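Visitor:
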Amino acid sequence: MTHRLLVFLSVLFLFRGVAHAAYIDPGTGSMVLQAAIAGIAAAALAIRTYWHRIQLLYSKKDSSDSEDS
Amino acid sequence: MSDNQQIVVDTASFRDPSGYVVRAEGVVLRAVLNGGMGEYRMLMESGLYQRLTDKGLLVPHQELDEHPLVDERIAAVLKPDEVPFLSYPYEWCFDQLRAAALLTLRIQRIAVGQGMSLKDATAFNVQFWGTQPKFIDTLSLETYEEGRPWVAYGQFCRHFLAPLLVASATSSPLEPLLGKSIEGMALPLASRLLPRRTLLSPGIATHLHLHAKLETRHGNDAQSTRKPPRVSKAGLLGLIASLESLVRKLKPPKNVDVWNSYYETNTYDEEATQQKLKLISQVTAEQRPRSAWDLGCNTGMFTDAMAELGTQVVAMDSDAGVIGELHRKAVAARSDRVLPLVMDLSNPSPALGWAHQERRSLLDRGPSDLCLGLALIHHLSISNNVPMGMIADFFSRCSRTCVVEWVPETDPQVVRMLASGRLLPADYNRNAFVAAFDRVFSTATSLTLPTGRELFTFSR
Chain A
2 MTHRLLVFLS
12 VLFLFRGVAH
22 AAYIDPGTGS
32 MVLQAAIAGI
42 AAAALAIRTY
52 WHRIQLLYSK
62 KDSSDSEDS
Chain B
2 MSDNQQIVVD
12 TASFRDPSGY
22 VVRAEGVVLR
32 AVLNGGMGEY
42 RMLMESGLYQ
52 RLTDKGLLVP
62 HQELDEHPLV
72 DERIAAVLKP
82 DEVPFLSYPY
92 EWCFDQLRAA
102 ALLTLRIQRI
112 AVGQGMSLKD
122 ATAFNVQFWG
132 TQPKFIDTLS
142 LETYEEGRPW
152 VAYGQFCRHF
162 LAPLLVASAT
172 SSPLEPLLGK
182 SIEGMALPLA
192 SRLLPRRTLL
202 SPGIATHLHL
212 HAKLETRHGN
222 DAQSTRKPPR
232 VSKAGLLGLI
242 ASLESLVRKL
252 KPPKNVDVWN
262 SYYETNTYDE
272 EATQQKLKLI
282 SQVTAEQRPR
292 SAWDLGCNTG
302 MFTDAMAELG
312 TQVVAMDSDA
322 GVIGELHRKA
332 VAARSDRVLP
342 LVMDLSNPSP
352 ALGWAHQERR
362 SLLDRGPSDL
372 CLGLALIHHL
382 SISNNVPMGM
392 IADFFSRCSR
402 TCVVEWVPET
412 DPQVVRMLAS
422 GRLLPADYNR
432 NAFVAAFDRV
442 FSTATSLTLP
452 TGRELFTFSR
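As given, the protein sequences belong to chains A and B, one line each in that order. First residue of the first sequence: 2, per the working numbering; consecutive thereafter. First residue of the second sequence: 2, per the working numbering; consecutive thereafter.
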């Protein structure tokens, strides 16, 4: 829950911040946005992976990690 | 294949500078031009091609040593596996578009892991082998440079995310949302159509609402270009994971299934249904059609009968709910022979794109070897006021052999349709029906069912 709230607040913050930058082509919005999302996602992913490892240490289950990665 | 006059450049591929698709004597070939050869070699040599085709995600191809193409820019010619029937996003049900979206994201995730990235993420790059989606544009993969944003992210959101979100929230079929667009759905429109509560979902708020805002704002700026922002590899993978989880969680539109109870409530008795099934199986067994169209397929009972005998069936119905159900059933049965599509026969898919040549009309994708029109004629004639001659003409263009059910004026379904005061068309009678079909088909046999309906088999 706190995680979702954090993401939402970051989004609101970004909404304000990025709007002032000036770019040209229609794809620029997409580029800027994904840079922002990617930043948050990378952090979230790092935390999740870290957390997953800790969980794995304690539960002796086999890793059922995605077959694609 | 030495005669160059037999070669037709497939105009669906002309936008790609790295290669193009041609049809030569019924075989589809993909030419890789010199400019696209580096990326193509990387795809093949990095092991990515092997990995994607092993998993059934990318269409496999053979590289031809000899080919009929004359073009000095060509560096290689590929012969990909044939797509059984070309279909388009505006003909898919929600789950099909979702499957295509997840396929695209999965390919991108695997590709980034192996140093490549999709430069296109249009829904038109996905085709179905039965219920199994595959990516067909082998030349869409380019070298991934760490730090570069995903160029096709905006395209992915327009082609997949926006229509899926709006369809899910408004219970709309996809066709009215995508219409004749070949660029997907505009994000600002999708943003306005979505209910306000979607702002509370971090995924929808960012990938769609904020995206739409930024796109609108930056689309009109006239400043000089700046360096694209940096996106780390972990960030890019996170972005893909976030899209995957958002798409996976979406609920399909709730549908009001007008026809789902059809087989319980209509005039069929069990014996008539069995006789119909027997006849369809018999015709299929005799003719061994490679392809069949089941027009107005409803729950797909007859589609299944044909598919069981090895025929590739395109099952079409105007009710997106029915098609969604049929797709789910086919996925559960792991059927690779049934392709359900949303198709309104009174307004079938047109030819679209540049010079009407990028996306083909329904009839242009035929004819099929066999075509069914069961419990359909009264809908076309009475509900849509299509003259009998035009109905027969349409069927003759769909297939060489058609099984069409005649529903007499006294049939309870027809009586119910007329109860609201609608008039019976002057040509809605058995004689006019037979005469119209006789004009375009050469042979006809008929079987009378216990319900008084008749099954006609017409052949050219």
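We put the CB at the ideal spot given by N, CA and C, even for glycine. Values in this document were obtained by computation on a predicted structure and should not be read as measured data.
1. Does the count of Cβ pairs from the stretch 101-110 of chain B and the stretch 322-332 of chain B closer than 8 Å reach three?
2. Below 8 Å between beta carbons is the criterion; list the residues of the stretch 226-252 of chain B that meet it against any residue of chain A, in chain order.
3. Have a look at residue 430/B and residue 409/B and give me their C-alpha separation to the nearest angstrom.
4. Closest to residue 43/B by C-alpha separation, out of 15/B, 132/B, 139/B, would be which residue?
5. By the DSSP assignment, the alpha helix (DSSP H) with residue 399/B in it spans what residues?
6. Beta carbon of residue 173/B, beta carbon of residue 38/A: below 8 Å?
7. Could you say if the stretch 73-81 of chain B and the stretch 15-30 of chain B meet the contact criterion of at least three C-beta pairs nearer than 8 Å?
8. Could you check the C-alpha separation between residue 38/B and residue 147/B for me, to the nearest Å?
9. Could you name the residues of the same chain whose beta carbon sits closer than 8 Å to that of residue 167/B, not counting the 5 residues immediately before and after it, in chain order?
10. Between 130/B, 91/B, 273/B, 109/B, which has its C-alpha nearest residue 61/B's C-alpha?
11. Looking only at its own chain, which residues have a Cβ that is under 7 Å from the Cβ of residue 2/A, when we skip the five neighbours before and after it?
12. If you measure beta-carbon to beta-carbon, which residues of the stretch 147-162 of chain B are closer than 8 Å to chain A?
13. Quick check: what's the CA-CA separation for residue 45/A versus residue 59/A?
14. Quick one: does residue 444/B have its CB under 8 Å from some CB of chain A?
15. From what residue to what residue does the alpha helix (DSSP H) around residue 8/B run?
16. Can you confirm whether residue 35/A, when its beta carbon is compared against all beta carbons of chain B, has any partner nearer than 8 Å?
17. If you measure from the beta carbon of residue 31/A to each beta carbon in chain B, is any gap under 8 Å?
18. To test your reading of the DSSP string, which unbroken beta strand (DSSP E) runs of 3 or more residues are found completely within the stretch 360-392 of chain B?
19. Would you kindly work out how many angstroms separate the C-alpha atoms of residue 28/A and residue 55/A, rounded to a whole number?
20. Under DSSP, the alpha helix (DSSP H) around residue 282/B begins and ends at which residues?
21. Spatial neighbours of residue 96/B within its chain, please: CB distance less than 8 Å, with the 5 preceding and 5 following residues excluded, ordered by chain position.
22. Which bits of chain B does residue 38/A rub up against, with CB to CB less than 7 Å?
23. Judging by CA-CA distance, which residue of 73/B, 382/B, 323/B is the nearest neighbour of residue 419/B?
24. Need the endpoints of the alpha helix (DSSP H) that residue 111/B sits in, please.
25. Please report the straight-line C-alpha distance between residue 251/B and residue 204/B, rounded to a whole angstrom.
26. Residues in the same chain with beta-carbon distance under 7 Å from residue 163/B, minus the five sequence neighbours each way, listed in chain order, please.
27. What does a CB cutoff of less than 6 Å around residue 49/A pick up in its chain, not counting 5 residues either side in sequence?
28. Going by DSSP, what residues sit across from residue 135/B in a beta bridge?
29. Take residue 115/B and list the residues in its own chain whose beta-carbon comes closer than 8 Å to its own, dropping the five residues that flank it on each side.
30. Give the DSSP-derived three-state secondary structure of residue 65/B in the structure shown.
31. So which of 451/B, 123/B, 182/B, 180/B has the shortest CA-CA distance to residue 412/B?
32. Out of 300/B, 305/B, 241/B, 424/B, point me to the one whose CA is closest to residue 119/B's CA.
33. When burial is assigned at 16 or more other CB atoms within 10 Å of the CB, is residue 351/B buried or exposed?
34. Please say whether residue 25/B and residue 8/B have beta carbons closer to each other than 8 Å?
35. Using the C-alpha atoms, what's the distance from residue 175/B back to residue 438/B?
36. Return no unless some Cβ of chain A is closer than 8 Å to the Cβ of residue 216/B.
Guide: Based on what the coordinates show:
1. With a cut-off of 8 Å, the stretch 322-332 of chain B and the stretch 101-110 of chain B do not count as touching, because too few Cβ pairs lie within range.
2. Closer than 8 Å at the C-beta level to chain A, one finds these residues of the stretch 226-252 of chain B: 226, 227, 229, 230, 231, 232, 233, 235, 236, 237, 238, 239, 240, 242, 243.
3. Cα to Cα, the separation comes out at about 7 Å.
4. Of the listed residues, the one whose Cα sits closest to residue 43/B is 139/B.
5. Note, residue 399/B: alpha helix (DSSP H), 389-399.
6. Here residue 173/B is not near residue 38/A, since their CB atoms are 8 Å or more apart.
7. Segments in contact, yes.
8. Rounded to whole angstroms, residue 38/B to residue 147/B spans 21 Å at the Cα level.
9. Answer for residue 167/B: 173, 178, 186, 191, 194, 195, listed in chain order.
10. Residue 130/B is the option with its Cα nearest to residue 61/B.
11. Any reading at residue 2/A must be qualified, since the residue scores a pLDDT of 46, below 50, and its modelled position is unreliable; the value itself is stated next. Closer than 7 Å at Cβ, skipping near neighbours: no residue.
12. When C-beta distances to chain A are compared with 8 Å, the residues of the stretch 147-162 of chain B below that value are 150, 151, 152, 154, 155, 158, in chain order.
13. If you take the alpha carbons of residue 45/A and residue 59/A, they lie about 21 Å apart.
14. No, residue 444/B lies away from the interface with chain A (no Cβ there is under 8 Å from its Cβ).
15. Run containing residue 8/B: none in the alpha helix (DSSP H); it sits in the beta strand (DSSP E), 8-11.
16. Nearest CB-CB separation between residue 35/A and chain B: below the 8 Å threshold.
17. Output row for residue 31/A: interface = yes.
18. Correct list: 369-374.
19. Their Cα atoms are separated by approximately 40 Å.
20. Counting along the chain, the unbroken alpha helix (DSSP H) around residue 282/B starts and ends at 271-288.
21. Closer than 8 Å at the Cβ level, and outside the excluded window around residue 96/B, lie 253, 325, 328, 329, 332.
22. Per Cβ cutoff of 7 Å: 207, 240, 243.
23. Residue 419/B has its Cα closest to that of 382/B, out of 73/B, 382/B, 323/B.
24. For residue 111/B, the enclosing alpha helix (DSSP H) covers residues 95-114.
25. Roughly 11 Å between the two C-alpha positions.
26. Residues of the same chain with a CB within less than 7 Å of the CB of residue 163/B, apart from the 5 flanking positions on each side, are 185, 186, 188, 191, 209 in chain order.
27. Cβ contact annotation for residue 49/A (same chain, cutoff 6 Å, sequence separation greater than five): none.
28. Residue pairing for residue 135/B: DSSP places it in a beta bridge opposite 128/B.
29. Within its own chain, the residues whose Cβ lies closer than 8 Å to the Cβ of residue 115/B, once the five positions on either side in sequence are excluded, are 47, 48, 49, 52, listed in chain order.
30. The answer is strand: DSSP assigns residue 65/B an E or B state.
31. The option with the nearest alpha carbon to residue 412/B is 451/B.
32. Out of 300/B, 305/B, 241/B, 424/B, the CA that lies nearest to the CA of residue 119/B is found in 241/B.
33. Flag for residue 351/B reads exposed.
34. Yes, they are a contact pair.
35. Using only the alpha carbons, I get a separation of about 34 Å.
36. It does: the Cβ of residue 216/B has a partner Cβ on chain A nearer than 8 Å.
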